[in-house]
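Residue numbers for the sequence shown follow my numbering, so the first one is 7 and each next one is one higher.
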Amino acid sequence: MTPSGQLFLQGSIAKALLKLGIPIVLINILQSAYQLTDAFWVGRLGAAQVAAVSISMPVTFLVIAIGSGFAMAGAILSAQYMGAGQQDKVNHVAAQTVLMVTLVALLLGLLGYALSPYFLTLLGVEAAVYSDALKFMHVSFIGVIFVFIYAMFQSLMRGIGQTKVPLIIVSTTVLLNFILDPLFIFGYGRFEGLGVMGAALATLVTQSLAALAGIIIFLRGRHGIQLQLKSFYPDWHYIKRAFFLGAPGSIELSTRAFGLIIMSFLVASFGTTTIAAYGVGSNILQMVMIPAMGLSMAVSTLVGQNMGAGNIKRAEQITKLASVWGLLGLSCVGAIAYLYADSLVAFFIPDDNDVITKGAQFVQVMCLSWGGIGVQLCIVAAFRASGNMLNAMVIALLSQCVVQFPAAYILSNHTELGDQGIWYSFAITNITIALIAFAWFMRGSWKKTKLTKEDKHIVQVTRETLIEEGAR
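Structural data, given as structure tokens:
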């Protein structure tokens, strides 16, 4: 066992969380730079262009979320098999996950591209926003396959505790995106800028390079996972297992994405200024969630490996400590955001005072409840990593369908709050769902799930592979 493996399974929990969490946070910061760079430069085009990106993102996120369950299943299984010391199964799971994710991404990308005009019509976007939003969505759906492949690569690498290589790849592609974004958006010399579509094209180029790098690394096999071309022959037994494990994860993520679309319906009914304020506020929320997501991903890896190794008590302790860190850390960040809300919004769209005022209201209303996001993400990560995907799915359904959307609709349409009612729904949801998730976690039923039981089929597949390699 490597020193890192010993730390993950036996050493200090705090050190293990930091060892995994810090690189993941850095990766998330760099990945969010794609959206933040787009938002920064698109903000210089005007409120209508910001609204075009804001209205498009939830739709593309929904399509990506539908197929993410397979990648999630692969990451969970690879983490648990790594904890159980079964490297042959880690490789097998990785190959089949690559195969599934690629096929699903192709299908969903094509569907999303074809249905983009209908999505925007359903959302009822204004004429000033429609054209740019459609261009942005079309390019985004072309790039879905690259987003899927690289997200799968990161998930599998994270599942085995490897974060250095993804960090290097993301650093390189974000730097390239930073260079390409203003070039594609505004143009240079004889090259005419493409506006909003240029932002999507810059991201498409860099994410395709990241996906290619991930596949090459897997095939070379120098960083914990070794793939061979023959490993991509469909294993229907595993695919069936991954489907039933990952389906609740896809429903969970799709529910969250669909919730964002429903919120977009509400926001769109209040006009372009509110849409732009919502988009900027969402970007700020995305920034705030970076450390919380990093912490929750570290929880996922550590809980998965410890569940695979049979260290149930340690998995519970990891989740509790991380939840406390998430609660305190995001509460402090929320207090700072409350004081500097105007400046944060002005960074994204400096020349529109109406959007700055409304966006600052959004930030100040929701920011003091951000600690609840930290708790919820850590507990949901533990549920997923232990194989209890249904728990995570139910929490998502409660969050979007039972709490947030009803609260947003009632407060914005049936009280004097108007569009501010949408802002208050975020705070209500963050606190309510954190309490529900924590109570469910403390019941302890999640501890009984065991995914690394002997799988004779996978053992047979990998044994035959070893025999073939030995014969050579």
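Idealized CB from N, CA, C, for every residue including glycine. These numbers were taken from a predicted model, which means no experiment stands behind them.
Which listed residue (the options) has its alpha carbon closest to that of residue i
i, options, result
"PHE125", "SER270, THR325 and ILE155", "SER270"
"LYS364", "ALA53, ALA20, ILE33 and PRO29", "ALA53"
"LEU308", "ILE296, PRO297 and THR325", "THR325"
"ARG164", "SER84, ALA134 and SER122", "SER84"
"LEU189", "THR209, ALA304 and GLY377", "THR209"
"SER392", "PHE224, GLU258, GLU322 and GLY380", "GLU322"
"ALA22", "GLN382, GLN406, VAL305 and VAL369", "VAL305"
"LEU128", "SER260, LEU181 and ILE267", "ILE267"
"GLY332", "VAL31, PRO412 and ALA120", "VAL31"
"CYS384", "GLY277, THR279, GLY17 and ILE401", "ILE401"
"ALA71", "VAL153, GLN92 and ALA298", "VAL153"
"SER260", "THR455, LEU26, LEU423 and CYS407", "CYS407"
"PRO240", "LEU417, THR108, LEU15 and LYS453", "THR108"
"ALA157", "ALA219, ASP187, LEU186 and PHE192", "ALA219"
"MET303", "LEU404, ARG228, LEU121 and VAL386", "VAL386"
"ASP94", "SER237, PHE389 and GLY252", "SER237"
"GLY316", "LEU140, SER451, GLN86 and VAL294", "GLN86"
"LEU116", "THR66, VAL135 and LEU301", "THR66"
"ALA134", "THR279, ILE155 and SER122", "THR279"
"GLY149", "THR438, ILE166, GLY193 and MET203", "MET203"
"ILE379", "THR212, PRO412 and MET295", "MET295"
"PHE354", "MET293, LEU140, LYS453 and GLY265", "MET293"
"ASN183", "HIS144, VAL211, ILE174 and TYR194", "VAL211"
"GLY335", "VAL381, GLY450 and HIS229", "VAL381"
"PHE264", "ARG390, ARG320, ASP348 and PHE411", "PHE411"
"TYR39", "ALA388, VAL369, LEU186 and GLY450", "Checking the displayed sequence, the identity of residue 39 turns out to be Ala instead of Tyr. Among ALA388, VAL369, LEU186 and GLY450, the Cα nearest to that of ALA39 is on LEU186."
"GLN311", "ALA388, HIS144 and ARG247", "ALA388"
"LEU113", "GLY80, GLY91, SER74 and LEU140", "SER74"
Delimiting residues of the alpha helix (DSSP H) encompassing residue i
i, result
"PRO172", "170–192"
"ALA325", "A small correction: the amino acid at residue 325 is Thr; Ala does not occupy that position in the sequence shown. THR325 -> alpha helix (DSSP H) spans 318–345."
Cβ separation of residue i and residue j, assumed to be a contact under 8 Å, to the nearest whole Å
i, j, result
"MET395", "PRO254", "4 Å"
"ALA216", "PHE142", "With 8 Å as the limit, ALA216 and PHE142 do not qualify as a contact, their Cβ atoms being about 20 Å apart."
"ALA111", "ILE151", "4 Å"
"ASN97", "ILE222", "The pair is not a contact, with the Cβ atoms about 16 Å apart (cut-off 8 Å)."
"ASN436", "SER375", "4 Å"
"MET372", "TRP429", "6 Å"
"VAL176", "GLN37", "6 Å"
"LYS170", "PRO29", "7 Å"
"ASP138", "GLY201", "7 Å"
"GLN480", "TYR284", "The requested residue 480 is not part of the displayed model; the chain covers only 7 to 478."
"PHE147", "VAL69", "7 Å"
"MET399", "ILE257", "5 Å"
"GLY377", "GLY340", "7 Å"
"VAL274", "GLY130", "Residue 274 is actually Ala in this sequence, not Val. With 8 Å as the limit, ALA274 and GLY130 qualify as a contact, their Cβ atoms being about 6 Å apart."
"ALA205", "VAL48", "6 Å"
"ALA282", "VAL361", "5 Å"
"LEU291", "ALA414", "The pair is not a contact, with the Cβ atoms about 15 Å apart (cut-off 8 Å)."
"ILE33", "PRO172", "6 Å"
"SER405", "LEU417", "Actually they do not touch by this definition, with Cβ atoms about 16 Å apart."
"GLY227", "LEU233", "7 Å"
"PHE276", "ASP44", "Actually they do not touch by this definition, with Cβ atoms about 23 Å apart."
"THR179", "GLN213", "7 Å"
"ILE82", "LEU251", "7 Å"
"LEU345", "ILE19", "Between ILE19 and LEU345 the Cβ distance is about 33 Å, and since that is not below 8 Å, they are no contact."
"ILE342", "LYS453", "No, ILE342 and LYS453 are not in contact; Cβ-Cβ is about 37 Å, not under 8 Å."
Short CB-CB distance (under 8 Å) between residue i and chain C
i, result
"GLY265", "No chain C appears in the structure shown, which is made up of a single protein chain."
Would you list, in sequence order, the uninterrupted alpha helix (DSSP H) runs of no fewer than 4 residues that lie entirely inside the region 367–434?
-> 376–391, 395–403 and 411–419
What alpha helix (DSSP H) runs, 4 residues minimum, are completely inside the region 227–283?
-> 242–274
Which runs of the alpha helix (DSSP H) fall wholly inside the region 117–172 and span at least 4 residues, in chain order?
-> 133–148 and 150–165
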